[in-house]
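*Asks:* Protein chains in written order, with our numbering: chain D, 61 to 400; chain L, 61 to 400.
Number of protein chains: 2
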Amino acid sequence: MSENVRITLDEVRQLATDALLANGLSPEQTRAIADNVTRAERDECKSHGLFRISWYVSGVRGGTIKPDAVPVLSELAPTVVKVDAGGGYAPLAQEVGTDALIKKARSHGLAALAITRCSHVAALWPEVEVLAEQGLVAFAFTSAICFVAPAGGTKALYGTNPMAFAWPRDKGAPLVFDQSSSVSARGEIMLLQRDGKTLPDGWAIDPHGNPTNDPSTALAGAQLPFGGHKGAAIAMMVELLAGALIGESFSFEANELEPDDTKPAIGGEFILAIDPIACVAHNNRAAQIAHAETLFSKILEQDGTRLPSDRRLAARKRTPHEGVEIPRTLYNALLEMARP
Amino acid sequence: MSENVRITLDEVRQLATDALLANGLSPEQTRAIADNVTRAERDECKSHGLFRISWYVSGVRGGTIKPDAVPVLSELAPTVVKVDAGGGYAPLAQEVGTDALIKKARSHGLAALAITRCSHVAALWPEVEVLAEQGLVAFAFTSAICFVAPAGGTKALYGTNPMAFAWPRDKGAPLVFDQSSSVSARGEIMLLQRDGKTLPDGWAIDPHGNPTNDPSTALAGAQLPFGGHKGAAIAMMVELLAGALIGESFSFEANELEPDDTKPAIGGEFILAIDPIACVAHNNRAAQIAHAETLFSKILEQDGTRLPSDRRLAARKRTPHEGVEIPRTLYNALLEMARP
Chain D
61 MSENVRITLD EVRQLATDAL LANGLSPEQT RAIADNVTRA ERDECKSHGL
111 FRISWYVSGV RGGTIKPDAV PVLSELAPTV VKVDAGGGYA PLAQEVGTDA
161 LIKKARSHGL AALAITRCSH VAALWPEVEV LAEQGLVAFA FTSAICFVAP
211 AGGTKALYGT NPMAFAWPRD KGAPLVFDQS SSVSARGEIM LLQRDGKTLP
261 DGWAIDPHGN PTNDPSTALA GAQLPFGGHK GAAIAMMVEL LAGALIGESF
311 SFEANELEPD DTKPAIGGEF ILAIDPIACV AHNNRAAQIA HAETLFSKIL
361 EQDGTRLPSD RRLAARKRTP HEGVEIPRTL YNALLEMARP
Chain L
61 MSENVRITLD EVRQLATDAL LANGLSPEQT RAIADNVTRA ERDECKSHGL
111 FRISWYVSGV RGGTIKPDAV PVLSELAPTV VKVDAGGGYA PLAQEVGTDA
161 LIKKARSHGL AALAITRCSH VAALWPEVEV LAEQGLVAFA FTSAICFVAP
211 AGGTKALYGT NPMAFAWPRD KGAPLVFDQS SSVSARGEIM LLQRDGKTLP
261 DGWAIDPHGN PTNDPSTALA GAQLPFGGHK GAAIAMMVEL LAGALIGESF
311 SFEANELEPD DTKPAIGGEF ILAIDPIACV AHNNRAAQIA HAETLFSKIL
361 EQDGTRLPSD RRLAARKRTP HEGVEIPRTL YNALLEMARP
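1) Nearest to residue 369 of chain L by alpha carbon, out of L/98, L/291, L/103?
2) Helix, strand or coil: how does DSSP classify residue 65 of chain D here?
3) With 8 Å set as the bound, which would you pick, yes or no: does the beta-carbon of residue 11 of chain D sit closer than that to a beta-carbon of chain L?
4) Given a limit of 8 Å on CB to CB distance, which residues of the region 338-354 of chain L reach chain D?
5) If the cut is a Cβ gap below 7 Å, which residues of chain D does residue 239 of chain L touch?
6) Taking the CB atoms as reference points, tell me whether residue 234 of chain D and residue 187 of chain D lie closer together than 8 Å.
7) Answer with buried or exposed for residue 388 of chain D, where buried requires no fewer than 16 other C-beta atoms within 10 angstroms of its C-beta.
8) Straight-line CA distance for residue 144 of chain D to residue 150 of chain D?
9) So, are the CB atoms of residue 98 of chain L and residue 69 of chain L less than 8 Å apart?
10) For residue 291 of chain D, I'd like the list of residues in its chain whose CB is within less than 6 Å of its CB, leaving aside the five on either flank, ordered along the chain.
11) Is the shortest distance between the beta-carbon of residue 168 of chain L and the beta-carbons of chain D less than 8 Å?
12) Relative to the C-alpha of residue 62 of chain L, which candidate in L/397, L/398, L/390 has its C-alpha closest?
13) Return the residue from the list D/294, D/307, D/79, D/199 that minimises the CA-CA distance to residue 338 of chain L.
14) Can you list, in chain order, the stretches of the beta strand (DSSP E) that have 3 or more residues and sit fully within the region 118-186 of chain L?
15) With a threshold of 8 Å between beta carbons, is residue 366 of chain L in contact with chain D?
16) Going by Cα to Cα distance, which pick from L/259, L/192, L/280, L/336 is closest to residue 209 of chain L?
17) Return no unless some Cβ of chain L is closer than 8 Å to the Cβ of residue 382 of chain D.
18) Whole angstroms are fine: how far does the CA of residue 238 of chain D sit from the CA of residue 372 of chain D?
19) Can you find the residues in the same chain that come closer than 7 Å, C-beta to C-beta, to residue 314 of chain L, ignoring five residues on each side of it along the sequence?
20) Can you list, in chain order, the residues of its chain with a C-beta nearer than 7 Å to that of residue 352 of chain L? Leave out the 5 residues immediately preceding and following it.
21) Which runs of the alpha helix (DSSP H) fall wholly inside the region 231-300 of chain L and span at least 4 residues, in chain order?
22) Quick check on the burial criterion: 16 or more other C-beta atoms within 10 angstroms. Buried or exposed for residue 131 of chain L?
23) For the region 79-90 of chain D against the region 345-360 of chain D, do three or more pairs of beta-carbon atoms, one drawn from each stretch, fall closer than 8 Å, so that the two count as touching?
24) Since residue 94 of chain L is in the beta strand (DSSP E), which residue starts that stretch and which ends it?
25) Within the 8 Å Cβ cut-off, does residue 299 of chain L reach chain D?
26) Among D/252, D/257, D/381, D/71, which residue has its Cα nearest to the Cα of residue 109 of chain D?
27) Is residue 163 of chain D close to chain L? Criterion is C-beta to C-beta, closer than 8 Å.
28) Can you pull the chain L neighbours of residue 213 of chain D, defined as C-beta to C-beta under 8 Å?
29) Is the Cβ of residue 81 of chain D closer than 8 Å to any Cβ of chain L?
30) I want to see whether chain L comes within less than 8 Å of residue 227 of chain D, judged by CB atoms only; does it?
31) Would you be able to state if there are at least three C-beta pairs under 8 Å between the region 210-219 of chain D and the region 359-367 of chain L?
32) Using DSSP with H/G/I as helix, E/B as strand and the rest coil, what is residue 387 of chain L?
33) Is the CB-CB distance between residue 67 of chain D and residue 384 of chain D below 8 Å?
34) Buried or exposed: residue 244 of chain L, going by 16 or more other Cβ atoms within 10 Å of its Cβ?
35) Excluding five sequence neighbours on each side, which residues of the same chain lie with their C-beta closer than 8 Å to the C-beta of residue 400 of chain L?
36) Determine, for residue 327 of chain D, whether the minimum Cβ-Cβ distance to residues of chain L falls below 8 Å.
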């Protein structure tokens, strides 16, 4: 029997939907999460695909997350909207805020969406990609459970604190990057732990602040920011934007409320959108976007380079007709989660 | 005879002023640049202090920079202002745009300033610090001459592309970071070259794409982005924001116009301001800013940590009464530049 199961993207969506509904997630929450998870599987972002469903379920079972939260939209300023996610997951809250954000960015040039009281365990790129598909430049920032040490420090204080950026393109999908402020994703360390392998140098420190190559010691200690103090500065910036700026918790405060770091935590997300045509004196959007293409061409002229979204977009061409492979253990676990 | 000369901050300003005026910079351009350079010396940011005056002068002598440019302010959108720097240096253009930017951020919540046709060879933190002193959260991005290779590539394509971020504090100066997208500032490599020292590993590659520790070889080759592909993604983002977004050149285009990379190039700067109180439902600015202080305290609780601005702010306390030291060769060169 094969260790993997090949399924279609429709089956991905159905597996996610059944597992979420069976665990009390409302139909609306379920639809938004299943859509996010399906997009991740479609793009072969495995760590945010069906693998994440057990996180979504554990948050509800553990009582941390409100399974039927109804996000509420409000206006904070001429360019700022807020969505109170009501203690639910982020994808539905993003959906509720996105139209208002787009409208404000188009009418004012810039706009922001502050999402509060949400749990963000999804990939960060989908929300900025949606905005760039509408012709906007977009940024997203979210913080999470304490896993990363500050520059020079020895103890976890920041989340892995991803930031995402999207730029609209004239043909096809936007250019998007979505990167954590840590050297590696936490999931990568967990996979090396599972496989009995060691960590590369520079990924993590032990609970005393000494370098370690042992995955278990690293998980008990702290991950390191990418690029030393520069990545740490980005991690701190993300804490401020997804925290104090929008009246939400810092990662260390979320940990104080929910010290179990295997479950989703409640926090904030900050999304910023810019209408590029508002930033130039002319009115030729096509020329502005075409100009950016000359940069992308120059990057790709050099051997060994690629654009940040290229791997995802290549997968996106294949998976709608080829389907995706997931481990049979995961497949069975999802069926199990879907049992009433 | 000492190799260094100790001078007061007033003398710093005077040396800068005399050298700039003697080389045809207008009084207004001179005042803005000398102010920026004096702030850099005050904070012991040596690579953007008096050391930079020869760059400012070379741009004028070489005909690249307009010495008497008069920046022109205009409105592009309800939240976006533009300053056409007219081919002059950035500091005066920033001054001309800052009030309008602050006013728009306060009335709308968010605002941006697009500076075009400017040469930015200054530190990037002063313009965001000024905004945070007015209670705003601020970002700045600028690109420059091609010095940094893209991820996986071997040839310089991006500028050192700094980004700066500032957060207002309740007491004293704002928290600010200003970091290039390269492992090191180009100025640091130039200082090591001047002093006959070698580069740390991982800073740069030679013209064939091989690692090098020699400053001169590195300056002829390419600098590397910090944190590998993640820093390269930031560098690319900065190119887009300071380039296509505001109708300005990418670094590689500036190089095509002005292939001599020892002289300042013309390009763009993008500055973004957020009024933090516009991003929360309450009206208690003091509580919002106090909340951020809890994060800073948590960082400083750990031995070995510091906040990004701490070294600059410590110098800022000392230098107004102690003065600063500069190499005698630099001092003499400045006097020479000031001769009619």
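Glycine is no exception: its CB is placed at the ideal position from the N, C-alpha and C atoms.
*Replies:* Reading it off the structure:
1) On the second sequence, residue 369 of chain L is found 309 positions in, with the first residue counted as 1. It is L/103 whose Cα lies nearest to the Cα of residue 369 of chain L.
2) Indexing the first sequence from 1 puts residue 65 of chain D at position 5. Correct three-state label for residue 65 of chain D: strand.
3) For residue 11 of chain D there is no data in the structure shown, the boundaries of chain D being 61 and 400.
4) 338, 339, 340, 341, 342, 348, 349, 351, 352, 354
5) Translated into the one-based positions of the second sequence, residue 239 of chain L becomes position 179. Correct list: 290, 293.
6) For the purposes of this step, residue 234 of chain D is taken as the residue at position 174 of the first sequence. For the purposes of this step, residue 187 of chain D is taken as the residue at position 127 of the first sequence. No. Outside cutoff.
7) Position 328 of the first sequence, counted from the first residue, corresponds to residue 388 of chain D. Counting Cβ neighbours within 10 Å, residue 388 of chain D comes out exposed, since fewer than 16 surround it.
8) By 1-based counting over the first sequence, the position of residue 144 of chain D is 84. By 1-based counting over the first sequence, the position of residue 150 of chain D is 90. Cα-Cα distance, rounded: 10 Å.
9) The count along the second sequence starts at 1 and reaches residue 98 of chain L at position 38. The count along the second sequence starts at 1 and reaches residue 69 of chain L at position 9. Yes, the Cβ-Cβ distance between residue 98 of chain L and residue 69 of chain L is below 8 Å.
10) Position 231 of the first sequence, counted from the first residue, corresponds to residue 291 of chain D. Result list for residue 291 of chain D: 241, 285, in chain order.
11) In the second sequence, residue 168 of chain L corresponds to position 108, counting from 1. Taking Cβ atoms only, chain D reaches closer than 8 Å to residue 168 of chain L, which makes this a yes.
12) Translated into the one-based positions of the second sequence, residue 62 of chain L becomes position 2. Closest option to residue 62 of chain L, judged by alpha-carbon separation, among L/397, L/398, L/390: L/390.
13) Along the second sequence, one-based indexing puts residue 338 of chain L at 278. Measuring C-alpha to C-alpha distances from residue 338 of chain L to each of D/294, D/307, D/79, D/199 identifies D/307 as the nearest.
14) The region 118-186 of chain L contains these whole beta strand (DSSP E) runs: 132-137, 140-149, 170-179.
15) The sequence position of residue 366 of chain L within the second sequence is 306, counting from 1. Chain D contact via Cβ: present.
16) For this step, residue 209 of chain L is matched to residue 149 along the second sequence. Measuring from the Cα of residue 209 of chain L, the nearest candidate turns out to be L/280.
17) The sequence position of residue 382 of chain D within the first sequence is 322, counting from 1. Using a Cβ-Cβ cut-off of 8 Å, residue 382 of chain D does not count as an interface residue toward chain L, since no Cβ of chain L sits closer than that to its own.
18) Stepping through the first sequence from its first residue, residue 372 of chain D is reached at position 312. Stepping through the first sequence from its first residue, residue 238 of chain D is reached at position 178. Between residue 372 of chain D and residue 238 of chain D, the C-alpha separation is close to 11 Å.
19) Locating residue 314 of chain L in the second sequence gives position 254, counting from the first residue. Result list for residue 314 of chain L: 205, 325, 326, 327, in chain order.
20) Here residue 352 of chain L corresponds to residue number 292 of the second sequence, with the count starting at 1. These residues qualify, in order along the chain: 227.
21) 246-254, 275-280
22) Locating residue 131 of chain L in the second sequence gives position 71, counting from the first residue. Buried, since its Cβ has 16 or more Cβ neighbours within 10 Å.
23) no
24) On the second sequence, position 34 is the one that residue 94 of chain L refers to. It is not in any beta strand (DSSP E) - residue 94 of chain L instead sits in the alpha helix (DSSP H) that spans 87-102.
25) Counting from one through the second sequence, the residue named residue 299 of chain L turns up at place 239. Chain D, which has a Cβ nearer than 8 Å to the Cβ of residue 299 of chain L, makes this yes.
26) By one-based count along the first sequence, residue 109 of chain D stands at place 49. Comparing Cα-Cα distances from residue 109 of chain D to each of D/252, D/257, D/381, D/71, the minimum goes to D/71.
27) Along the first sequence, read from residue 1 onward, the residue named residue 163 of chain D stands at position 103. Not closer than 8 Å to any Cβ of chain L, the Cβ of residue 163 of chain D fails to qualify, so no.
28) Start at 1 with the first residue of the first sequence, and residue 213 of chain D comes out as number 153. Near residue 213 of chain D (Cβ distances below 8 Å), the residues of chain L are 359, 362, 363, 364, 365.
29) For this step, residue 81 of chain D is matched to residue 21 along the first sequence. No, because no Cβ of chain L sits closer than 8 Å to the Cβ of residue 81 of chain D.
30) If you number the first sequence from 1, residue 227 of chain D lands on position 167. True, the Cβ-Cβ gap to chain L drops below 8 Å.
31) yes
32) Here residue 387 of chain L corresponds to residue number 327 of the second sequence, with the count starting at 1. In the structure shown, residue 387 of chain L sits in a strand (DSSP, three-state: E or B).
33) Translated into the one-based positions of the first sequence, residue 67 of chain D becomes position 7. Translated into the one-based positions of the first sequence, residue 384 of chain D becomes position 324. For residue 67 of chain D and residue 384 of chain D, yes; Cβs fall inside 8 Å.
34) In the second sequence, counting from the first residue as 1, residue 244 of chain L sits at position 184. Classification of residue 244 of chain L: buried, given that the 10 Å Cβ count is 16 or more.
35) Taking the first residue of the second sequence as 1, we reach residue 400 of chain L at position 340. Excluding positions up to five away in sequence, the list reads 82.
36) Numbered from 1 along the first sequence, position 267 holds the residue referred to as residue 327 of chain D. Judged by the 8 Å Cβ criterion, residue 327 of chain D is not in contact with chain L.
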